[in-house]
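Below is one structure, written out as structure tokens, with a few remarks after it.
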Amino acid sequence: MLQDITRFSFPTSIIFGPGAIGELPGEFISMGVKKPLIVTDQNMEKTDAFKSLLAVFKNKQIDFQVFSGVQPNPHDVDVENGVSVYNSSACDFIIGVGGGSPMDAAKALAVLVGMGGNIADYDAQSDTKKEIRGPLPSIILIPTTAGTGSEVGKCSVITSTAQKRKIFLCSPQMMPAIAVLDPKLTVSLPPHLTAATGMDALTHNIESLTAPVFHPMCDAIAIKGVELTVKYLEKAVKTPEDIEARGYMMLAAMMGAVAFQKDLGTAHSLSHALSAICGLHHGLANAIVLPFVMNFNKEVSKSEYTLIAREFGIDIYGKDELECAEKAIEEVRALNKRVGIPESLSSVGVKSEDLQELTEKAYLDPCHYTNARSCTKEDLLSLLKEAF
Ligand SMILES: [Fe+2]
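As numbered in our numbering, residues 13 to 400 make up the sequence shown, in order.
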């Protein structure tokens, strides 16, 4: 690896802190932009957090257009509708506000505005895909959950209505210019969503740490992301108004997504299938399968899992790495329990007759290509049976 040429890049500017959304008007001036299309969903639009954002714009007399037609697991048609609103309202940049769905939709919308065509044209898994060369309109993302980290990522996941599957769009051009992490926007997130999104962040940090890609900077970020999740997730779930816990969880989520520039692993392939077929929340699905995937990987990832055990407060000095890896897995299970995550897929509505279809879907998902240990279809089925 050290003989190869590698490029490392962390291009998104991050504005962090309680009240950070107040910094936005000044940023618009320095970016030379005038009228944003604010991309969100209907639930978000009704929240105090969203109203507080609009108040910032109104106070500074900034013209804007809201598009709130993003569904959960956003569809290509949502993005196309957003493009029509962008063009008819003469917008010149895009702000995505909410969880992963509006943020992913905002990035995909920028691709269609800048490049034309439709979502399927940019399908990262297609051999005939069009390159996303840009220029795209500037993107600002404002997360209101602490999990996905889409605000610092170069990819977007959009459901194809015709093909009934998720399409990945990926390009460095899709990196947001600015991510605004304002912990005040997350205090109203209910405990079960704080837990599920927080475990998604932990899964990003753990899977990227163990992905077999050379990126020592991302490795360091992933370990810090694990540390922050271990320290603050339970607090954020149990004391939702704790701005410090909310803030550190936003950082942990952002760091997880920076780290997964490296790539992800098998937990994400399983959870993508579980969301597509059984409608499970992405973070909840990851949380349930993560300990089983870690157990599957433990022999090859024992050094990294030893570092994870250390972040959980386990004394690792002089200890056998496999033993430490097993402790790390136990700690992840215990954290799941403390934040109220169910232990099995069967307890969240997955049926045994779904397992075969889930296996097929997970096998087609590219995340497991960069799992620490390579996975066969049979391995995926065994993991699903264990987690069932
Ligand atoms: Fe994820």
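Positions of the beta carbon are idealized from the N, C-alpha and C atoms, including for glycine. This one's a predicted model, so the numbers in the text were calculated from it and none came from an experiment.
Checklist entry - Helix, strand or coil: which one does DSSP assign to residue 25? => result Residue 25 falls in the strand class under three-state DSSP.
Checklist entry - What are the boundary residues of the beta strand (DSSP E) that residue 105 is part of? => result Here the beta strand (DSSP E) through residue 105 covers 105 to 110.
Next on the checklist: Check for me: the beta strand (DSSP E) holding residue 178 runs from which residue to which?
Outcome noted: Looking at the DSSP string, the run of the beta strand (DSSP E) that includes residue 178 is 177 to 182.
Checklist entry - Would you say residue 76 and residue 37 are within 7 Å of each other, going by their C-beta atoms? => result Going by C-beta atoms, residue 76 is not nearer than 7 Å to residue 37.
Next on the checklist: At 3 residues or longer, what runs of the beta strand (DSSP E) sit wholly inside the stretch 168 to 223?
Outcome noted: For the stretch 168 to 223, whole beta strand (DSSP E) runs of length 3 or above, ordered along the chain, are 177 to 182 and 190 to 193.
Checklist entry - Under a three-way DSSP split, which group does residue 87 fall into? => result In the structure shown, residue 87 sits in a strand (DSSP, three-state: E or B).
Next on the checklist: Using a 10 Å radius around the Cβ and a threshold of 16 neighbouring Cβ atoms, would you call residue 269 buried or exposed?
Outcome noted: The residue in question, residue 269, is buried, as its Cβ has 16 or more Cβ neighbours within 10 Å.
Next on the checklist: Quick check on the DSSP output: the beta strand (DSSP E) that includes residue 368 runs from which residue to which?
Outcome noted: In this chain, residue 368 is not harboured by any beta strand (DSSP E); it is covered by the alpha helix (DSSP H) spanning 367 to 376.
Item to check | Length at least 4, wholly inside the stretch 302 to 380: the alpha helix (DSSP H) runs in chain order | outcome: If we require 4 residues or more, the alpha helix (DSSP H) runs fully inside the stretch 302 to 380 come out as 314 to 323, 333 to 350 and 367 to 376.
Checklist entry - Would the beta-carbon of residue 88 be found less than 6 Å away from any heavy atom of ligand 1? => result No, since every heavy atom of ligand 1 falls outside the 6 Å radius drawn around the Cβ of residue 88.
Item to check | Beta-ladder partner(s) of residue 77, from DSSP | outcome: Bridge partners of residue 77: 49.
Checklist entry - What do you get for residue 359, buried or exposed, if any count of 16 or more other CB atoms within 10 angstroms of its CB means buried? => result Exposed, by the Cβ-count rule.
Item to check | Inter-residue Cα distance where the pair is residue 88 and residue 132 | outcome: Whole-angstrom Cα-Cα distance: 8 Å.
Checklist entry - Of the choices 316, 280, 243 and 151, whose alpha-carbon is the least far from that of residue 106? => result When each option's Cα is compared against that of residue 106, the closest is 151.
Next on the checklist: When you measure from the CB of residue 377 to every non-hydrogen atom of ligand 1, does any distance come out below 6 Å?
Outcome noted: Residue 377: no, Cβ never under 6 Å from ligand 1.
Checklist entry - Within 10 angstroms of its Cβ, does residue 258 collect 16 or more other Cβ (buried), or is it exposed? => result Flag for residue 258 reads buried.
Item to check | residue 153: first and last residue of the uninterrupted beta strand (DSSP E) it sits in | outcome: Its beta strand (DSSP E) spans residues 151 to 155.
Item to check | Supposed contact pair residue 220 and residue 1 - C-beta distance, whole angstroms, cut 8 Å | outcome: The question about residue 1 has no answer here: the residues shown for the chain are numbered 13 through 400.
Checklist entry - The alpha helix (DSSP H) spanning residue 391 covers which residue range? => result Element bounds for residue 391: 389 to 399.
Next on the checklist: For ligand 1, is there any heavy atom lying closer than 6 Å to the beta carbon of residue 212?
Outcome noted: With a threshold of 6 Å, the Cβ atom of residue 212 counts as near ligand 1, since some heavy atom of the ligand is closer than that.
Item to check | C-alpha gap between residue 72 and residue 52, whole angstroms | outcome: Whole-angstrom Cα-Cα distance: 21 Å.
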